[in-house]
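Peer 1: Reminder that position 23 of the sequence shown reads as 720 in the numbering used here, one-by-one numbering, no gaps. This is the structure, below, for whatever I ask next.
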Amino acid sequence: MNEKSAQKIKSLTGIAVPHSTQQRLVHCYPFEELPSNPAVEVEEMSIDGGKVRLRTAKGKALIWRDYKAVSFHQLGVAAFFQDNSALLDLVNSQVLAKPLICLGDGHDGIWNLFRVC
């Protein structure tokens, strides 16, 4: 993953940032949990997801895992690895406006999450 991002950053910005530097930056970044804020009503949110391939030994079967991310446009973003219930817990801990604007792609898995919120 970091190898490809090094190539993409170089092609997009013209600046070379080695994959090892990117990995170090990610591991030292202080990711904070997105708290629920009862003073702020969430009027819009986006959910997206995808798959990541875990590294395996050469010749071994590929392992793919799912992730999901939610963006509360005014509050922040949170991501979850193999944990849809934690995403739903976070969404349901927010004060959601009625109507709530939901943005997602056409994948059924995303819209199923919106339905249970």
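All residues carry an ideal CB built from backbone N, CA and C; glycine is no exception.
I'd like the span of the alpha helix (DSSP H) that includes leucine 785, first residue to last.
Peer 2: Your numbering for residue 785 matches position 88 in the sequence shown. Here the alpha helix (DSSP H) through leucine 785 covers 781 to 789.
Peer 1: Could you tell me the boundaries of the alpha helix (DSSP H) in which alanine 807 lies?
Peer 2: If you number the sequence shown from 1, residue 807 lands on position 110. Position check: residue 807 holds isoleucine in this sequence, whereas alanine was assumed. Per DSSP, isoleucine 807 belongs to the alpha helix (DSSP H) from 805 to 813.
Peer 1: Nearest CA to the CA of lysine 795: which residue from Pro715, Ile807 and Cys814?
Peer 2: What you label residue 795 is simply residue 98 of the sequence shown in a count that begins at 1. Comparing Cα positions, the closest option is Cys814.
Peer 1: Starting from valine 749, trace the beta strand (DSSP E) in both directions and tell me its first and last residue.
Peer 2: As a working mapping, residue 749 is identified with position 52 in the sequence shown. First-last of the beta strand (DSSP E) with valine 749: 738 to 751.
Peer 1: For the alpha helix (DSSP H) holding valine 723, just list the boundary residues, first then last.
Peer 2: Translated into the one-based positions of the sequence shown, residue 723 becomes position 26. Valine 723 -> alpha helix (DSSP H) spans 716 to 725.
Peer 1: Excluding the five sequence neighbours on either side, which residues of its own chain have a C-beta within less than 7 Å of the C-beta of glutamate 738, listed in chain order?
Peer 2: Here residue 738 corresponds to residue number 41 of the sequence shown, with the count starting at 1. Counting only Cβ-Cβ distances below 7 Å, and skipping sequence neighbours, we find Val792 and Ala794.
Peer 1: Could you check which residue in Arg750, Gln704, Val767 and Pro732 has the C-alpha nearest to that of leucine 759?
Peer 2: Within the sequence shown, numbered from 1, the residue matching residue 759 stands at position 62. Leucine 759 has its Cα closest to that of Arg750, out of Arg750, Gln704, Val767 and Pro732.
Peer 1: Helix or strand or just coil, what does DSSP make of lysine 757?
Peer 2: Within the sequence shown, residue 757 is the residue found at index 60, counting from 1. DSSP places lysine 757 in coil when its eight states are reduced to three.
Peer 1: How many Å lie between aspartate 745 and valine 774 at the Cα?
Peer 2: Counting from one through the sequence shown, the residue named residue 745 turns up at place 48. Counting from one through the sequence shown, the residue named residue 774 turns up at place 77. Approximately 11 Å between the Cα atoms of the pair.
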